[in-house]
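Structure first, commentary second.
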Amino acid sequence: MGTSQDNQGLGARNSVEAATPYAWSSNLIISPVTMEVLLGITGKDFTIIAASKAAMRGATILKASDDKTRALNKHTLMAFSGEAGDTVQFAEYIQRNAQLYSMRNETELSPSGLAHFVRGELASSLRSRHPYNVNLLMGGLDPITGKPHLYWLDYLASLAEVPYAAHGYAQYYCLSILDKHHHPDITLGQGIKLLTLCTDELKRRLPIDFKGMVVKAIKADGIVDIEFDDDKIVKSA
Numbered sequence: 011m012g013t014s015q016d017n018q019g020l021g022a023r024n025s026v027e028a029a030t031p032y033a034w035s036s037n038l039i040i041s042p043v044t045m046e047v048l049l050g051i052t053g054k055d056f057t058i059i060a061a062s063k064a065a066m067r068g069a070t071i072l073k074a075s076d077d078k079t080r081a082l083n084k085h086t087l088m089a090f091s092g093e094a095g096d097t098v099q100f101a102e103y104i105q106r107n108a109q110l111y112s113m114r115n116e117t118e119l120s121p122s123g124l125a126h127f128v129r130g131e132l133a134s135s136l137r138s139r140h141p142y143n144v145n146l147l148m149g150g151l152d153p154i155t156g157k158p159h160l161y162w163l164d165y166l167a168s169l170a171e172v173p174y175a176a177h178g179y180a181q182y183y184c185l186s187i188l189d190k191h192h193h194p195d196i197t198l199g200q201g202i203k204l205l206t207l208c209t210d211e212l213k214r215r216l217p218i219d220f221k222g223m224v225v226k227a228i229k230a231d232g233i234v235d236i237e238f239d240d241d242k243i244v245k246s247a
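Under this note's numbering, the first residue of the sequence shown carries the number 11, and numbering increases by one thereafter.
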């Protein structure tokens with residue numbers, strides 16, 4: 011009788027061990043909220059993507075002029091934050107695949123097509139032994155319809171099309187500002203002013219200098235760099 015109980019216990023233990031390889035979530039890195047800042051805003055005929063310049067590890071600033079964006083094609087831009095090695099590797103992997111698709115098919119993927127491709131790659135990575143710890147904003151302008159698009163993606167392969175978005179600590183301080191002041195028909199100038207409201211609030215609230223922002227806009231004629239005043243001194247709260 012004791013032998014029967016031992017066999018039952020052994021069988022139960024083996025069933026648990028057999029399930030372990032499928033418990034891929036045990037290897038998942040829980041993504042902390044980082045000091046990196048990503049912001050995205052859509053308007054009437056443009057999408058703005060902004061990313062903080064500071065490359066950080068903990069509270070240490072390693073680089074003060076880091077560009078956390080990659081152009082995927084003429085009308086689509088991706089900004090990234092997260093684990094340092096994962097971000098650049100994943101962003102360049104997506105960039106090369108977008109370029110390869112354009113060369114093979116003699117056409118470019120739309121912002122929507124690229125967003126769903128990226129989401130699929132993140133979902134596949136999530137189910138591997140070494141998932142990418144990357145959060146993304148993808149902005150673009152559909153060259154056919156002329157409609158701006160902005161996509162929010164996180165390291166769990168969640169995808170949402172949104173009128174404005176934020177990653178990092180910016181989501182705690184800026185989403186309420188964007189919710190109050192954003193509307194679908196804002197001009198590029200109004201979009202920059204709205205972005206300034208957000209960065210001023212970050213300077214007021216965050217104890218660490220994120221070294222200003224790299225700001226780019228996607229318009230009908232392509233991706234353009236926007237001059238953005240980073241030297242404004244904001245009084246603390």
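For each residue, glycine too, the CB sits at the ideal point set by N, CA and C.
Quiz prompt | Unbroken alpha helix (DSSP H) run spanning Met113, endpoints | solution = In the sequence shown, the residue the question calls residue 113 occupies position 103. From DSSP, the alpha helix (DSSP H) with Met113 extends over 94 to 115.
Quiz item: Cα-Cα, which of Ala81, Glu102, Asp55, Ala180 is closest to Ile154?
Solution: Locating residue 154 in the sequence shown gives position 144, counting from the first residue. Selected option, being the one with the closest Cα: Asp55.
Self-check item: Contacts around Gly53, its chain only, beta-carbon distance under 6 angstroms, and the 5 residues preceding and following it disregarded
Solution: Counting from 1 along the sequence shown, the entry for residue 53 is found at position 43. Counting only Cβ-Cβ distances below 6 angstroms, and skipping sequence neighbours, we find Ile196, Gly201.
Quiz prompt | Val47 (DSSP reduced to helix, strand or coil) | solution = For the purposes of this step, residue 47 is identified with residue 37 of the sequence shown, where counting begins at 1. Coil at Val47, not helix or strand.
Quiz item: Is Thr86 closer than 8 angstroms to Met148 when the C-beta atoms are compared?
Solution: Within the sequence shown, the letter at position 138 stands for residue 148. Within the sequence shown, the letter at position 76 stands for residue 86. Cβ distance < 8 angstroms, so Met148 and Thr86 count as in contact.
Quiz prompt | Unbroken beta strand (DSSP E) run spanning Gly232, endpoints | solution = The sequence position of residue 232 within the sequence shown is 222, counting from 1. 232 to 235 is the extent of the beta strand (DSSP E) around Gly232.
Quiz item: Is Val7 buried or exposed, if buried means 16 or more other CB atoms sit within 10 Å of its CB?
Solution: With the chain represented from 11 up to 247, any question about residue 7 goes unanswered, as that position is not in the structure.
Quiz item: Who pairs with Pro158 in a beta bridge, going by DSSP?
Solution: As a working mapping, residue 158 is identified with position 148 in the sequence shown. Answer by DSSP bridge pairing, in chain order: Leu151.
Quiz prompt | Proximity of Tyr179 and Glu171 at Cβ, strictly below 8 angstroms | solution = As a first step, residue 179 is located in the sequence shown; it is residue number 169 there, counting from the start. As a first step, residue 171 is located in the sequence shown; it is residue number 161 there, counting from the start. No, the Cβ-Cβ distance between Tyr179 and Glu171 is not below 8 angstroms.
Practice problem: Look up Leu169 in the DSSP assignment and give the residues it is bridged to. | Solution: As a working note, residue 169 is residue 159 in the sequence shown. Leu163.
Exercise. Taking Pro194 as the reference, give the member of Lys213, Thr206, Tyr174 with the closest Cα.
Key: As a position in the sequence shown, residue 194 is number 184, starting the count at 1. It is Tyr174 whose Cα lies nearest to the Cα of Pro194.
Practice problem: Could you work out which residue in Met88, Cys184, Thr79 is closest to Ala64 when comparing CA atoms only? | Solution: As a first step, residue 64 must be located in the sequence shown, where it is residue number 54. Comparing alpha-carbon positions, the option among Met88, Cys184, Thr79 lying closest to Ala64 turns out to be Thr79.
Exercise. Locate the alpha helix (DSSP H) running through Ala176, then write down its first and last residues.
Key: Indexing the sequence shown from 1 puts residue 176 at position 166. Secondary structure note for Ala176: it is in no alpha helix (DSSP H), and the uninterrupted beta strand (DSSP E) holding it is 174 to 177.
Exercise. Please determine, among Gly150, Leu204, Ser112, Lys213, the residue with the shortest C-alpha to C-alpha distance to Ile228.
Key: For the purposes of this step, residue 228 is identified with residue 218 of the sequence shown, where counting begins at 1. For Ile228, the nearest C-alpha among the options comes from Gly150.
Quiz prompt | Residues bridged to Asp91 [DSSP beta-bridge criterion] | solution = Taking the sequence shown and counting its residues from 1, the one referred to as residue 91 is at position 81. Note that residue 91 corresponds to Ser in the displayed sequence, not to Asp. Answer by DSSP bridge pairing, in chain order: Asn145.
Quiz item: For Asp240, which three-state DSSP category applies?
Solution: Translated into positions along the sequence shown, residue 240 becomes position 230. Residue state, collapsed to three classes: coil.
Quiz item: Ordered along the chain, which non-local residues of its own chain (more than five positions away) have a Cβ less than 6 angstroms from that of Asp210?
Solution: Residue mapping note: residue 210 aligns to position 200 of the sequence shown, counting from 1. So the qualifying residues of the chain are Val244.
Practice problem: Could you check what DSSP says for Leu132 in three-state terms: helix, strand or coil? | Solution: If you number the sequence shown from 1, residue 132 lands on position 122. Reduced to three states, the DSSP call for Leu132 is helix.
Exercise. Check whether the stretch 86 to 100 touches the stretch 132 to 144, taking contact to mean three or more Cβ pairs, one atom from each stretch, closer than 8 angstroms.
Key: yes
Quiz item: DSSP puts Ala61 in a beta bridge; with which residues?
Solution: The residue labelled residue 61 in the question sits at position 51 within the sequence shown. According to DSSP, Ala61 bridges with Leu48, Val224.
Self-check item: 6 angstroms CB neighbourhood of Ala167 in its chain, flanking five on each side removed
Solution: Taking the sequence shown and counting its residues from 1, the one referred to as residue 167 is at position 157. So the list reads Arg129, Leu132, Ala133, Leu136, once near-sequence residues are dropped.
Quiz item: Which of helix, strand or coil does DSSP assign to Arg139?
Solution: Translated into the one-based positions of the sequence shown, residue 139 becomes position 129. Reduced to three states, the DSSP call for Arg139 is coil.
Quiz item: Between Tyr183, Ser120, Phe127, which lies nearest to Val157 when the distance is taken from Cα to Cα?
Solution: In the sequence shown, counting from the first residue as 1, residue 157 sits at position 147. This sequence places Lys at residue 157; Val is not what is there. Put simply, of Tyr183, Ser120, Phe127 the residue whose alpha carbon is nearest the alpha carbon of Lys157 is Ser120.
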